[in-house]
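Comments concern the structure below.
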Amino acid sequence: MTSLSGITPSGRLTLGNHLGALRRFTDPDGFYFVANLHAMTTKHDPRRLAALTREFATLMLAAGVPDGTVFIQSDVPAHAQLAYLLECTSYVGELSRMIQYKEKGNGRPMTRASLFTYPCLMAADILLYGAEQVPVGGDQDQHVELARDIAIRFNREYGETFVVPQLAKAVLATRVKDLANPTTKMSKSDVDNAVGTIRLLDPPDVIRRQIMRAVTDSENEVRHDEAAKPGVTNLLEILAACTDGDPIQLAKAYSSYGSLKQDVADAVLAVIEPLQKEYARLATDPGAIDDLLAQGRDRAIEASRPRFEAAVRAMGLAGSS
Ligand code: AQP
Numbered sequence: 013m014t015s016l017s018g019i020t021p022s023g024r025l026t027l028g029n030h031l032g033a034l035r036r037f038t039d040p041d042g043f044y045f046v047a048n049l050h051a052m053t054t055k056h057d058p059r060r061l062a063a064l065t066r067e068f069a070t071l072m073l074a075a076g077v078p079d080g081t082v083f084i085q086s087d088v089p090a091h092a093q094l095a096y097l098l099e100c101t102s103y104v105g106e107l108s109r110m111i112q113y114k115e116k117g118n119g120r121p122m123t124r125a126s127l128f129t130y131p132c133l134m135a136a137d138i139l140l141y142g143a144e145q146v147p148v149g150g151d152q153d154q155h156v157e158l159a160r161d162i163a164i165r166f167n168r169e170y171g172e173t174f175v176v177p178q179l180a181k182a183v184l185a186t187r188v189k190d191l192a193n194p195t196t197k198m199s200k201s202d203v204d205n206a207v208g209t210i211r212l213l214d215p216p217d218v219i220r221r222q223i224m225r226a227v228t229d230s231e232n233e234v235r236h237d238e239a240a241k242p243g244v245t246n247l248l249e250i251l252a253a254c255t256d257g258d259p260i261q262l263a264k265a266y267s268s269y270g271s272l273k274q275d276v277a278d279a280v281l282a283v284i285e286p287l288q289k290e291y292a293r294l295a296t297d298p299g300a301i302d303d304l305l306a307q308g309r310d311r312a313i314e315a316s317r318p319r320f321e322a323a324v325r326a327m328g329l330a331g332s333s
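Going from the sequence shown to the working numbering is simple: count from 1 and add 12.
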């Protein structure tokens, strides 16, 4: 089963991105990309986008995403090209219902048109490669559902062209919460909430301090109970995700928040520190990173061509390649 997923360089990568997505990018036949086109749906700084794109690509390689599977979205023009074709099969109504558009755009002045249409770009990302599995965190379910709808409709109207993808739900850590505000998701673009967001490249002592200061509650009972104890539950889920444990079982081993936090900090750093070391090593060899990204790009161009050309033909764009 071909696996595909992307991460948008819209801020520094977080522990949530790693546990919910990046560490699951393991298929040697997969396609994993830095979704830089998706980072332009809101006002962006071109220099920062370029720097973050490079940082993300390096982090993906450092995380052990298999060689030849990592590429930068804009290096493969078929993503933007197919996105336009899919916009021509999508309806304003279904795009208006997308949560990201409702939260960040609808009714606000200066909303970019791309914020409205980007689910079509995401559908193109997925459908180009015939991906059957899309490993994403829980917040992306709605987009994968739309990609499914678009594929089914396209196949019905223009002939069998695309594989209908399936969600690959993570069992654990589908939605890591912010440490300072544990009812909201930990997000990389949330610059106002730096204390609650664990960034993969922050110094280990900063990360440890953030975890030790995580918001819990006024009791002192360690229990997995999302409604009554969102902070403690989030810590248990992070611990479980980092140690391959069960959050409900893990809770039984603790009688104080302090010892839970110590163990969460140790477990998180055991995941992050090797990643940081490998990132630092790779960053000293920019030529090797360029070569790996070129390899990923060439493979992605080759793999995406047949489906893109089939879609072009199916839609009656005669005379094109
Ligand atoms: N808190 C999270 N817990 C688990 N998984 C998460 N992901 C994001 N946050 C968490 C997963 O990481 C991937 C990142 O995809 P993206 O960058 O394209 O989109 P996103 O979901 O919008 O990520 P962020 O961090 O929340 O970014 P901003 O702040 O820009 O919106 C996805 O698979 C996502 O599910």
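Positions of the beta carbon are idealized from the N, C-alpha and C atoms, including for glycine.
Outcome for residue i when other beta-carbon atoms lying within 10 angstroms are tallied against a minimum of 16
i	result
E249	buried
M122	exposed
D297	exposed
D217	exposed
G105	exposed
G18	buried
P286	exposed
N118	exposed
V203	exposed
S15	buried
S332	Only weak support is given to the placement of S332: the predicted model assigns it a pLDDT of 49, under 50, and the question is left unresolved by the model.
T245	buried
A69	buried
V88	buried
Q261	exposed
A90	buried
L71	buried
S22	buried
G171	exposed
Y44	buried
T20	buried
I284	buried
Residue i Cβ short of 7 Å to ligand 1 heavy atom set
i	result
A63	no
H50	yes
I138	no
N29	yes
Q152	yes
M72	no
M110	no
S230	no
D39	no
G23	yes
A279	no
K200	yes
I9	Limits of the chain in this structure are 13 at one end and 333 at the other, which puts residue 9 out of reach.
G208	no
T255	no
R187	yes
A300	no
A90	no
T123	no
T245	no
G149	yes
K181	no
G42	no
K197	yes
Below-8 Å beta-carbon distance, residue i vs any chain D residue
i	result
L64	Among the chains of the structure shown, chain D does not appear; only one protein chain is present.
Limits of the beta strand (DSSP E) - the one that residue i falls within
i	result
A180	178-181
S17	16-19
V234	Segment: none, V234 is in no beta strand (DSSP E) and carries neither H nor E.
F83	82-84
P338	Nothing can be reported for residue 338: it is not among the residues displayed for the chain, which extend from 13 to 333.
Delimiting residues of the alpha helix (DSSP H) encompassing residue i
i	result
P216	216-224
R168	153-170
V104	104-108
L98	90-99
S22	Taken as a continuous stretch (DSSP letters only), S22 belongs to no alpha helix (DSSP H), as it is neither H nor E.
M134	125-139
Residue i beta carbon near ligand 3 (any heavy atom closer than 7 Å)
i	result
A33	By its list of ligands, the structure shown excludes ligand 3, since it contains just ligand 1.
Counting beta carbon pairs with one atom in the region 89-108 and one in the region 300-320, are three or more of them shorter than 8 Å?
yes
Hey, is the region 273-286 in contact with the region 238-255, meaning 3+ C-beta pairs nearer than 8 Å?
yes
Taking contact to mean 3 or more Cβ pairs, one atom from each stretch, closer than 8 Å, check whether the region 141-160 and the region 78-86 are in contact.
no
Do the region 29-41 and the region 65-76 make contact, defined as three or more Cβ pairs closer than 8 Å?
yes
Is there contact between the region 21-28 and the region 210-219, where contact requires at least three CB pairs shorter than 8 Å?
yes
Every unbroken alpha helix (DSSP H) within the region 254-310, with a cutoff of 4 residues, ordered by chain:
259-263, 269-295
Which whole runs of the beta strand (DSSP E) in the region 31-59 are 3 residues long or more, in chain order?
43-46
Below 8 Å, can you find three or more Cβ-Cβ pairs linking the region 48-61 to the region 261-268?
no
So, do the region 131-138 and the region 161-181 have three or more beta carbon pairs nearer to each other than 8 Å?
yes
Does the region 167-182 touch the region 139-153, meaning 3 or more C-beta pairs lie closer than 8 Å?
yes
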